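Numbering (our numbering), first residue to last: 2 to 810.
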RNA sequence: GCGAGAGUGGCGGAACUGGUAGACGCGCUAGAUUUAGGAUCUAGUGGGCAGCGCUCAUGGGGGUUCAAUUCCCCCCUCUCGCACCA
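1) Does the separation of the CB atoms of residue 238 and residue 415 fall below 8 Å?
2) Looking at the secondary structure, which residues open and close the alpha helix (DSSP H) in which residue 72 lies?
3) If we call anything under 8 Å between Cβ atoms a contact, is residue 686 one with residue 718?
4) Alpha carbon to alpha carbon, how far is residue 578 from residue 551?
5) For a test of the three-state rule: what should DSSP assign to residue 149, helix, strand or coil?
6) When the Cα atoms are used, what is the spatial distance from residue 519 to residue 525?
7) Compare the Cα-Cα distances from residue 750 to each of 796, 800, 381, 615 and report the closest residue.
8) Is the CB-CB distance between residue 737 and residue 125 below 8 Å?
9) Have a look at 728, 335, 231, 505 and flag the residue whose alpha-carbon is nearest the alpha-carbon of residue 814.
10) In three-state DSSP terms, what is residue 37?
11) Please classify residue 370: is it buried, with 16 or more other beta-carbons within 10 angstroms of its beta-carbon, or exposed?
12) What residues are listed by DSSP as bridge partners for residue 344?
13) I need the straight-line Cα distance from residue 575 to residue 620, nearest angstrom please.
14) Using C-beta distances below 7 Å, list every residue in its chain close to residue 636, excluding the 5 sequence neighbours before and after it, in chain order.
15) Could you check whether residue 38 and residue 76 sit closer than 8 Å to each other, using their CB atoms as the reference points?
16) Tell me where the alpha helix (DSSP H) around residue 703 begins and ends.
17) Is residue 285 helix, strand or coil by DSSP?
18) Does the beta-carbon of residue 21 have 16 or more other beta-carbons within 10 angstroms, so that it is buried, or is it exposed?
19) Could you check where the alpha helix (DSSP H) with residue 274 kicks off and where it finishes?
20) Quick one: which unbroken beta strand (DSSP E) runs of 3-plus residues sit fully inside the segment 72 to 142? Chain order, please.
21) Excluding the 5 residues flanking residue 461 on each side, which residues of the same chain have their C-beta closer than 8 Å to its C-beta?
22) Residue 795 and residue 754 - do their beta-carbons sit closer together than 8 Å?
23) Please check the pair residue 332 and residue 307, which I expect to be a contact at CB under 8 Å, by giving their CB distance rounded to whole angstroms.
24) Counting along the chain, where does the alpha helix (DSSP H) carrying residue 750 start and finish?
25) DSSP three-state label for residue 768, please.
26) When we look at the beta-carbon of residue 798 and count the other beta-carbons within 10 Å, is it buried (16 or more) or exposed?
27) For residue 239, write down the residues that DSSP places opposite it in a beta bridge.
28) From what residue to what residue does the alpha helix (DSSP H) around residue 403 run?
29) When you compare each of 14, 31, 59 to residue 540 by their alpha carbons, which one comes out closest?
30) Which term fits residue 211, buried or exposed, when burial requires 16 or more other beta carbons within 10 angstroms of its beta carbon?
31) Please report how far the alpha carbon of residue 445 lies from the alpha carbon of residue 548, in whole angstroms.
32) Pick from 488, 509, 87: whose alpha carbon is nearest that of residue 452?
33) Where are the alpha helix (DSSP H) runs, 4 residues long or more, that stay fully inside the segment 605 to 655, in chain order?
34) Where does the unbroken alpha helix (DSSP H) through residue 230 begin, and where does it stop?
35) For residue 566 and residue 530, which I take to be in contact (beta-carbon distance under 8 Å), what is that distance rounded to the nearest angstrom?
36) Identify, in the order they occur along the chain, each residue of the same chain with its Cβ nearer than 7 Å to the Cβ of residue 425, setting aside the five sequence neighbours on each side.
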């Protein structure tokens, strides 16, 4: 064909043209109520930073958009919305640093994100349904969620030891503390006792845990959630306390080891510490507890393994054998898990073993792998045969777990219990830039939720919104805001001044998209059931235990409260990977951040999108190398030139070799799209183009197939080429190419001839070759003969369509 | 420490239920075309023995098999998540 053409693929002109046309025609505006085959394609909405769109955002959005376009071409009414998650400490801290008010900065950032960047990445957003979490019309409903949860007993306030970030001057949820550091600013988090609002996410622990078995999510994400929720089955057991009429309740997953308990341990914060401690030990215990409570999370982590503790002077009584055992205080027992106290079984628990060795406490073996006694040099945590366990001796330890639990239940000394690590979600933030918690504190009526008709509780404009170190929100300084009247009794009352965690804003935004214009409700019930649960959700796995856990909780709560009929928000979730550059993480400090604008300008959004997807498997991320994009650009240049040169014969494809290539390509490319294996999908499309270019004459039909296959990756270019080929409608309405297995005709194949498993020759043979035929042509091959010479054939293996392996001695 | 994932050319990465390792692309080499070219096209491109061919090669070491990147065991390295969760 004619390859000397002056025509150039002018990506700027093409992309401007199609961006404008899509918007003008409203190609991606969805008729939300009348769509016939709804498909909700969701991507995690961005935080609109002042720095602009990050390449990580583009990567995430592109992978999601490609999937959406792929579904659209298959005839679905794909709803693909986008919004802005603009409340929160990130915005606020940045605003403080720059000395600009967030209310001023955020709209600018959003405008920049949307108009200068998001509109240029080639995604098919429905711009008629945006969400901005800082918009009053939106956060009114964020507050409504709070009041609903409050009215249903799922929101409560309490004094609790909470995570405090001294730098952000606010509390954090457990999920926001990463290895003892603040998720936002990496400062060391300390513990503080404060009155805070919580959401009772633990009411759904079991459901959150169990549903993981049935939802179609990335396994990596589900594993992270399982670890976070950490369900464990066991029993709670009451130990007596010597000389006190009280019980010391412990949780254990190993009731079979009760006879091996040689001491007890209380967490330093345990309420019984004072009561149990003897006069003699009082001073030592107080000193230990003081020191332990002062320790930061980080110090505890650093010292993990090293065991410290102090004897209280008190004793507990084992409910099974009546033995008196000493009670200790040690910080390896955490107040926040189980009952904050344990029975220590050094023989069968590594931590207890280390502690017992440190303080020379007795170690009694009660489970023996073989039924005989052993000298233990380390804890034996496996199953075995019960020994030293009274009436349970000789029993299998697995059975003993049941038997002992039943025994305890019968005697009223304990019960079966499932424990979770998951804690309630602390949603109070002592900051400014968020939706105020819609509560009014009345001295006579107690805390009252703000009635729906009075929502939103508007965030007041405040010149000075800095946290002031008092541990209270800046809103507390605003008397006009604080002083109000009680909605119940009408008397003077004070508003709650904390604002809500940013993660609540994003915990329900996907409910809003289909109902953005609803003014009197957060979402329309009918629409919600038409579009939700979300069909496909794509985002980063860094939100595995934050956002993705909270959205599930909110959905379950909505169902419980009767607002919806489903209890999981996302049918499918896929975590995308991370982009690195030249083998290293991108970071501002290293100065190796890819600026998407630069690449989009130079190569075009289509190229940039395609290259990002070509780097590696989408779910695993990839390594961005600046030069690599030229390969994709060449691919599009060639494609453009072929169409532009007009040298396409209008005939149908007759060449069986070509037909085979085309139908195989459709089949394989489609399969790779479905699995989000975009890198290999692109490779197969490149192979198809390479194959087409080897032909003297390029057929219009085959080029049209290729254009449709690449359309989700390079939507502007595909539209342009489609139009150049004489189509007036969008390529995205042209349907996805279908493959016909019967067109994939393979009449010959490369038969591999091996001798002792080593390839000695390959030969082209007809597919319908018989076993005998294959073996004989293999063994007659010159090079094969050389290796058979003087040997005896032991065995011949024939794999139809693949190979012949002759085994000789 | 526990859990998950990964280690393949100079580089990014392919390889279906075990069946020609290195698809596709970058880079590189040579040639063609061009006034020239960061343009385009053609050919080549894992290492070694200097071209056929042989041989070694998928983190290391064992094993199963006619045949192993793929399955099994041991070890090493890296990334991510959790971090004394009883």
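All C-beta atoms, glycine included, are put in the ideal place defined by N, C-alpha and C.
If you're wondering where the values come from, they're calculated on a predicted model, not measured in any experiment.
According to the structure data:
1) yes
2) 56 to 74
3) no
4) 22 Å
5) helix
6) 7 Å
7) 800
8) no
9) What is shown of the chain runs 2 to 810, which leaves residue 814 out entirely.
10) coil
11) exposed
12) 265
13) 7 Å
14) 687, 690
15) yes
16) 701 to 711
17) helix
18) exposed
19) 274 to 277
20) 78 to 80
21) 476, 479, 481, 482
22) no
23) Residue 332 to residue 307, Cβ: 10 Å. No contact.
24) No alpha helix (DSSP H) contains residue 750, which is instead part of the beta strand (DSSP E) from 749 to 756.
25) coil
26) exposed
27) 250
28) 398 to 411
29) 59
30) exposed
31) 37 Å
32) 488
33) 606 to 615, 630 to 646
34) 220 to 230
35) 6 Å
36) 199, 200, 201, 202, 203
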